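Have a look at the structure below before the remarks.
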Amino acid sequence: MSAAFDGSGYRQRVLAPLRARASLDTADPFLLAGLDPTVAYTDSDVGAHLVRVLAFLQRERNSAKYATLAAELVRRRAEWEEPLRDADSRERVRARVLAARRSGDAERLAKVDGYLATVRERFGGIPASRVDGLRRLAVAAGVTVEEFDARLSREQIIIDAVGGGVEPLPAEVRRQISERLGELRALRGGDRVSTASLWAFLGLAPDASPERLRAAYAAMVAGNHHRPHDREKTVTADLLALVSARLIEGDPAAYTVGLMADAVDELRPAVEEHVVLDGELTAVAFEGLVRAALATGRGLTAAQAKSVVLEAARELGAAVNVGGVVDYVVCPGCGRPEAAGSVRHCRYCDTDLYTTCPSCGSMTEAAAVVCRHCGHSLRQAREAADALVAVRRALEGGHPRQAGEILTTAHPVLAAVGGPVAGTAEELGARVSAALGAADAGWRALTEARAACRADAALADARWLAAQAADVPGPDGRKPAEVLAELIAAQAVIRRRVEAARALPPEDQEAALAAVLATAADNREALAAMAALPLSPPSDLTAVPGPDGSVQLWWRASPSVGGPVSYRVERVVPVEAGDGQGVAPGRSSLGTTRSTELCDAGAPAWTPVRYEVTALCGERRSTPVETAPLVFTRDITDLRAERTAAGIRLDWSLGGALAAVTVERTVAPPAAVSQPPRRARGTGGLFHDTDVVVGVTYRYHVFVEYQDARGHPARTPGAEVTLEVAARPRPVHDLTAATAAGRTTLRWTPPPGWEVRIYATPVPQPPAVPAAITHVTSTAHATSTGPWPYPGSGPLPMIGIGPEGCDVSLAAIPDSSRLVGLSRSGQVSEVAQVGEVIYTPLTVHGGTAVVGRAVCHLAIEPVRDLRADDRGDSIVLSFQLPPGVTEARVLWRRDQPPTGPDDPYAASAKVTNTSLEIKGGWHLAAPRDGWAYHVACYPVYRSGGVARVVAAGVSVLARPATRPDPPPMPAASGSSPGGSAGVVSAGVVSAGVVSGRPVVGTVADPITMQPPGGPTQPRTGGYPLPAATGAVPLPAATGTYPQPLATGPLRPVPEHASEAQTNPPSGPTAGSSTGPTPPQAPAVQPTVTYTVSRSGWRRRTLRVQVHTTGPAGDLILFARPGTVPPRAAAEAHELSRLAAVDQAGTRTIDVTLDGAQLPWGVRLLPALVHPTGWTITQPPDDALVIR
1 MSAAFDGSGY RQRVLAPLRA RASLDTADPF LLAGLDPTVA YTDSDVGAHL VRVLAFLQRE
61 RNSAKYATLA AELVRRRAEW EEPLRDADSR ERVRARVLAA RRSGDAERLA KVDGYLATVR
121 ERFGGIPASR VDGLRRLAVA AGVTVEEFDA RLSREQIIID AVGGGVEPLP AEVRRQISER
181 LGELRALRGG DRVSTASLWA FLGLAPDASP ERLRAAYAAM VAGNHHRPHD REKTVTADLL
241 ALVSARLIEG DPAAYTVGLM ADAVDELRPA VEEHVVLDGE LTAVAFEGLV RAALATGRGL
301 TAAQAKSVVL EAARELGAAV NVGGVVDYVV CPGCGRPEAA GSVRHCRYCD TDLYTTCPSC
361 GSMTEAAAVV CRHCGHSLRQ AREAADALVA VRRALEGGHP RQAGEILTTA HPVLAAVGGP
421 VAGTAEELGA RVSAALGAAD AGWRALTEAR AACRADAALA DARWLAAQAA DVPGPDGRKP
481 AEVLAELIAA QAVIRRRVEA ARALPPEDQE AALAAVLATA ADNREALAAM AALPLSPPSD
541 LTAVPGPDGS VQLWWRASPS VGGPVSYRVE RVVPVEAGDG QGVAPGRSSL GTTRSTELCD
601 AGAPAWTPVR YEVTALCGER RSTPVETAPL VFTRDITDLR AERTAAGIRL DWSLGGALAA
661 VTVERTVAPP AAVSQPPRRA RGTGGLFHDT DVVVGVTYRY HVFVEYQDAR GHPARTPGAE
721 VTLEVAARPR PVHDLTAATA AGRTTLRWTP PPGWEVRIYA TPVPQPPAVP AAITHVTSTA
781 HATSTGPWPY PGSGPLPMIG IGPEGCDVSL AAIPDSSRLV GLSRSGQVSE VAQVGEVIYT
841 PLTVHGGTAV VGRAVCHLAI EPVRDLRADD RGDSIVLSFQ LPPGVTEARV LWRRDQPPTG
901 PDDPYAASAK VTNTSLEIKG GWHLAAPRDG WAYHVACYPV YRSGGVARVV AAGVSVLARP
961 ATRPDPPPMP AASGSSPGGS AGVVSAGVVS AGVVSGRPVV GTVADPITMQ PPGGPTQPRT
1021 GGYPLPAATG AVPLPAATGT YPQPLATGPL RPVPEHASEA QTNPPSGPTA GSSTGPTPPQ
1081 APAVQPTVTY TVSRSGWRRR TLRVQVHTTG PAGDLILFAR PGTVPPRAAA EAHELSRLAA
1141 VDQAGTRTID VTLDGAQLPW GVRLLPALVH PTGWTITQPP DDALVIR
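Each residue of the sequence shown is one higher than the one before, starting from 1 at the first, in UniProt numbering.
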């Protein structure tokens, strides 16, 4: 309840009604308090409201109008306040008040209904002049204006004052309109309904809206425009001009009032007669005069007729008595009124008084202008219904053009009627448009058929047009019936020509029928007669093999003249019958052509083949003609001979399925030795002849032996090649590379008398893994798949030169291989190249060379001038990086020197050349605790975008130990070699008592992700001797643990130093022999595990998650049909491949299964049969089946 109190509203709702009453009644406490009994209030709300009411009444005691009433309410407030304060008593009072109010409302409404009934019985309706008085009586009785208007809307209002204040049209204008309507009535044969008034002429009620008035006027204008020129069109045009001037541009009410004024003038003498003779207008006389007013032919309604009689009586000052309420219906034929509902036909002319409204289907007066149910104009509705019927009849009769004209003419009427009629008109309009479009398409099809000499199709099109579009003319203006008659006559002529052709001798029938089909290509009788004649086959079929393995076919065309002839060519090859019944002919269609030649590029070799050609003409086909069986051969091409370490290697190319050839070897004269000719069989395009003598020239003839089409042995011409077996030098097997002072020196044992060339090839980068196939999802330390070949990882692939021991042409060496130098003394050198380089020795003899054993060399020198400056609480490290290197890895330990760049017990950090220059060295926070600091530095280079650490490093004792007890044992930082130590990128690194991994949260740097093992020694030996995986440790001190190294950088180990020479010298710098020997880091072998599943929203993707715990080699995903996974690569086919990695990580293989015939068995296998250094764990076989 609102806290604000509406005093003005309280005066109007409470004080004013109470003041009008004779005495104060407190039976309705809710009324006195200004509360709504239909709303539930709380006790607090009621109490607060009563306080505000009492305050307002106290103020009103000073009011001149409500002082006495307010004082009385205050004095008797206990009578109406107390029942409202308690919830129970308030509920009882609410029920009693609501019941009383409902009873009082019923009484008041019944009283108002009595007022309306009294007036209705007196005047036959409610005169408009008495409505205001009745409304005042209702308000006085306690009924609201809204309730009274609701009851008044159910009554018939009588306009008892003609005009209602509106001036009628001048009498001259009314007379002109009446004369034009009378003339139109005579022209229409006495039609009273549509000529009673301008409203009846338009088919509207006098109270029609301006929009409907303008729509009806437009419809009448459009309809009159299409009318032929006659008197009715002229009179209609005059009436339409009067409609425009008086109803549209003027006030339409003035014309309606003029109609009633004319009726009053016409009925005034009759009314006066009754008044003079009877002294009043009796009920019988009143009804008779109402009938007379309706019969005047002005289109008045029953209410308007009663108003006309009352107006005439009012002017004469006569009293009027009326009987019961009677409604009337006017006859549309004679215009006489009849009591509504009493009879169905006029008693005078027997015309139907009622009709069905075309719009809503309800029964209404036949003489009415508009339907009393739906309000639509009956005349317009009839015209619209007739038009729609005519349109349907025209469409069903095959006259779409006529239907369109009817629809166009009736469009204004249809638009004026609207509603369902307009929707039906739109539907019929669409049908008319479709019919006219189909007619146009039919005429086009008929024209095309006649132009193409298709007589039957043209006749069918003409018959369709005559049945469905009889009134649509063709392009030449003729109707379909005329064209149809012409085509029927032409069809009779064609029939007689066919009968005449059938009577001719068989050899002449085809030409005669061809002449008929030339003018009637689709005539069924001519085509049937032609199909019954045999088709002549082609002749002189010839098959000639071409030089490229194809077969060229030629033949002479069929002499048939019955139409275009095409030829179907088939290849016939003997195939094994499936049921073991021997050999059966296998046919392969080569296509159909209208030419007389065909090239077969897919003819099989070494098997009998024949060809068949069949002529085709429509549904006719000839007997096939065929060639004799032929055997097509392929001869040896690209025959080459090459000197190898084992002898002579022959290779060639041979097309077709046959792979075995015959190799015939003879000695070319002059020869130092005599050897008989030899024959051998070669397969796979390759043959090795190992029984050769140096200095002898051999001639090789390679050919194919086969059986011809008759089964006789035959051979191809083949190809020949000659090669002299010259003395072949031995390849170099001991090439070594060493880098010092910025130059790389290559040494080998020189073969006597031969020149050796050294070529350098960059290490190839790893192949890119397609993103759509393999996605690498590495762990925190894995950012790349690593390099492809790296030292110590297995056999080195020779890229671009060739395998060891083979002969290569010097001209065929690729441009990617760079010539380092040539020598006969066993040594060449060049400026050191930063990074990994593959050096390959070639022993030259003539224009070819023998490939030796290549080496992969890392040409990077160790760090130089490593010095440590102990400043008490920190150690400043300074050094010089080798040429081409910009960063290094620093490792430190408290117990002993770091064992290598991947020491798991050492802490590490990345140092760049820029930070050394800016900060004057690298700072290590090292508080004095008595234990030693051993620091080592390793150069870092980048290969393929991945940082890699060089195993050759230098170490320095940055701070010697000052306490005898050994430091606590450090915790291993991980078992993964090389890539597990953390990196601190700040300029100052702290080191506690035990230096291990940095704290959790340190960001890893790519520098920590070196390949497994990395380069193992400064000097690189020749392959395939495998280098040891893992880093080579720095020289260790002799004696017991720990033993510090001498201050200053260590010197590199000599190239050929023995094990004893690798130990540093003993002496004062050796330190004491205290403490136990630290245990070695545990060696954990990397393992590969994987899971197989299906993914994707349609589960059409095979996903393999591969997890590696360390470095691993290449992996291949194999699959084969069925439910048994493959055990080896030979049992399946390859799906995808993963490149080798040098760190732990997780990768994903995605293979699409679209089009796959499941189930599949899959398995992930290593590329090498026996991988070393890592293992793969296989899931159960059930988990490897994809269903």
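Glycine included, C-beta positions come from ideal geometry on N, C-alpha and C. This structure is a prediction, so every number in the text was calculated from the model and none was measured.
Out of GLU183, GLY921, GLY1161, ALA430, state which residue places its alpha-carbon closest to the alpha-carbon of SER1093. By one-based count along the sequence shown, residue 1093 stands at place 1093. Checked all of GLU183, GLY921, GLY1161, ALA430; the closest Cα to SER1093 is GLY1161.
Collapsed DSSP secondary structure at LEU891 in the structure displayed: As a working mapping, residue 891 is identified with position 891 in the sequence shown. It is a strand residue.
Proximity test, HIS411 beta-carbon vs the ligand NAP heavy atom, cut-off 7 Å: In the structure shown, the ligand NAP is absent, as is every other ligand, since no ligand is present at all.
Output the boundary residues of the alpha helix (DSSP H) element that contains MET530. By 1-based counting over the sequence shown, the position of residue 530 is 530. That run of the alpha helix (DSSP H) goes 524 to 531.
So what does DSSP say about PHE148, is it helix, strand or coil? Here residue 148 corresponds to residue number 148 of the sequence shown, with the count starting at 1. Helix, per DSSP.
So is ILE816 buried or exposed if we call it buried at 16+ other beta carbons inside 10 Å? Here residue 816 corresponds to residue number 816 of the sequence shown, with the count starting at 1. The amino acid occupying residue 816 in the given sequence is Ser; Ile does not appear at that position. When all chains shown are included, SER816 counts as exposed.
Quick one: what's got a C-beta closer than 6 Å to VAL911's C-beta in the same chain, skipping five residues either side? Here residue 911 is taken as the residue at index 911 of the sequence shown, counted from 1. Apart from sequence neighbours up to five positions away, the residues of its chain that approach VAL911 with a beta-carbon distance below 6 Å are ALA888, VAL890, TRP922, ordered along the chain.
How big is the Cα-Cα spacing for ASP45 and LEU35? Numbered from 1 along the sequence shown, position 45 holds the residue referred to as residue 45. Numbered from 1 along the sequence shown, position 35 holds the residue referred to as residue 35. Rounded to the nearest angstrom, the two C-alpha atoms are 11 Å apart.
Candidates VAL139, PRO332, GLN896, of which the one nearest THR195 by Cα: Walking along the sequence shown from the start, residue 195 turns up at place 195. Answer by Cα proximity: PRO332.
Can you pull the DSSP bridge partners for SER874? Sequence index remark: in the sequence shown, residue 874 carries index 874 (1-based). Under the DSSP definition of a beta bridge, SER874 partners with ALA925.
I'd like the list of long-range same chain contacts for PHE148, defined as Cβ closer than 8 Å, with 5 residues on each side in sequence excluded. Taking the sequence shown and counting its residues from 1, the one referred to as residue 148 is at position 148. Correct list, in chain order: VAL112, LEU134, ARG135, ALA138, VAL139.
From the DSSP output, read off the bridge partner residues of ARG59. Translated into positions along the sequence shown, residue 59 becomes position 59. In DSSP, ARG59 forms no bridge with anything.
My guess is that ARG571 and VAL609 are in contact by the Cβ rule of under 8 Å, so how many angstroms apart are they, rounded? Within the sequence shown, residue 571 is the residue found at index 571, counting from 1. Within the sequence shown, residue 609 is the residue found at index 609, counting from 1. 6 Å between Cβ atoms; contact.
Buried or exposed by the 16-neighbour rule on C-beta atoms within 10 Å, applied to ARG19: Here residue 19 refers to the residue found at position 19 of the sequence shown. Counting Cβ neighbours within 10 Å, ARG19 comes out exposed, since fewer than 16 surround it.
Closest Cα partner of ARG864 within the set CYS856, LEU858, LEU877, LEU881: Start at 1 with the first residue of the sequence shown, and residue 864 comes out as number 864. Comparing Cα positions, the closest option is LEU881.
If the criterion is Cβ atoms closer than 8 Å, does the pair LEU810 and ALA849 meet it? By 1-based counting over the sequence shown, the position of residue 810 is 810. By 1-based counting over the sequence shown, the position of residue 849 is 849. Yes; because the gap between Cβ atoms is below 8 Å, this pair is in contact.
Does DSSP classify PRO1033 as helix, strand or coil? For this step, residue 1033 is matched to residue 1033 along the sequence shown. Low confidence applies here, because PRO1033 scores a pLDDT of 39, under 50, leaving its location unreliable; read the following figure in that light. Coil, per DSSP.
Taking the alpha carbon of GLU1131 as the reference point, which residue from ALA907, LEU1164, GLY549 has its own alpha carbon closest? To locate residue 1131, count along the sequence shown from 1; it is residue 1131. The residue among ALA907, LEU1164, GLY549 with its C-alpha nearest the C-alpha of GLU1131 is LEU1164.
Host alpha helix (DSSP H) of residue 1190 (start-end): There is simply no residue 1190 to check, as the chain begins at 1 and stops at 1187 in what is shown.
Please name the residue or residues paired with THR364 in a DSSP beta bridge. Residue 364 sits at position 364 when you count from the first residue of the sequence shown. THR355.
Evaluate contact between the region 45 to 58 and the region 92 to 99, counting only Cβ atoms and requiring at least three cross-stretch pairs below 8 Å. no
Using a threshold of 8 Å, state whether the C-beta atoms of ARG587 and ASP807 are closer than that. Here residue 587 refers to the residue found at position 587 of the sequence shown. Here residue 807 refers to the residue found at position 807 of the sequence shown. The answer is no: Cβ separation not under 8 Å.
Sheet register partners of ALA714 (DSSP bridge): Your numbering for residue 714 matches position 714 in the sequence shown. Bridge partners of ALA714: TYR706.
So what's TYR611 in DSSP terms, helix, strand or just coil? In the sequence shown, residue 611 corresponds to position 611, counting from 1. TYR611: strand per DSSP, three-state reduction.
Excluding the 5 residues flanking THR716 on each side, which residues of the same chain have their C-beta closer than 6 Å to its C-beta? Within the sequence shown, the letter at position 716 stands for residue 716. Hits under 6 Å: THR633, ASP635, PHE703, VAL704.
For THR195, which of helix, strand or coil comes out of DSSP? Translated into positions along the sequence shown, residue 195 becomes position 195. Of the three classes helix, strand and coil, the one that applies to THR195 here is coil, per DSSP.
Taking the beta strand (DSSP E) that LYS65 falls in, what are its first and last residues? For the purposes of this step, residue 65 is taken as the residue at position 65 of the sequence shown. Element bounds for LYS65: n/a, residue is neither H nor E.
C-alpha gap between LEU446 and ARG594, whole angstroms: Translated into positions along the sequence shown, residue 446 becomes position 446. Translated into positions along the sequence shown, residue 594 becomes position 594. Those two C-alpha atoms are separated by around 30 Å.
Boundaries of the alpha helix (DSSP H) in which GLY429 is found, first to last residue: The residue given as residue 429 occupies position 429 in the sequence shown. Taken as a continuous stretch (DSSP letters only), the alpha helix (DSSP H) holding GLY429 covers 419 to 451.
As assigned by DSSP and simplified to three states, the class of SER23: Here residue 23 is taken as the residue at index 23 of the sequence shown, counted from 1. The answer is coil: DSSP assigns SER23 none of H, G, I, E or B.
Out of ILE875, ALA906, GLY753, state which residue places its alpha-carbon closest to the alpha-carbon of VAL844. In the sequence shown, counting from the first residue as 1, residue 844 sits at position 844. Measuring from the Cα of VAL844, the nearest candidate turns out to be GLY753.
How is SER539 classed by DSSP in three states: helix, strand or coil? Counting from one through the sequence shown, the residue named residue 539 turns up at place 539. DSSP, reduced to helix, strand and coil, places SER539 within a strand of the structure shown.
Roughly how many angstroms lie between the CA atoms of VAL692 and THR745, to the nearest whole one? Residue numbering aside, residue 692 sits at position 692 when the sequence shown is read from its first letter. Residue numbering aside, residue 745 sits at position 745 when the sequence shown is read from its first letter. VAL692 and THR745 have their alpha carbons spaced roughly 39 Å apart.
For ASP1150, collect the residues of the same chain with a Cβ closer than 6 Å to its Cβ; drop the 5 residues on either side in sequence, then sort them by chain order. Here the question's residue 1150 lines up with position 1150 in the sequence shown. Hits under 6 Å: THR1101, ARG1103.
By the 10 Å Cβ neighbour count, where 16 or more other Cβ atoms means buried, how is PRO927 classified, buried or exposed? Counted from its first residue, the sequence shown places residue 927 at position 927. Exposed.
Segments of 3+ residues assigned as beta strand (DSSP E) that fall wholly inside the region 1079 to 1167: Segments of the beta strand (DSSP E) lying fully in the region 1079 to 1167: 1087 to 1095, 1101 to 1108, 1115 to 1121, 1133 to 1138, 1145 to 1152, 1160 to 1166.
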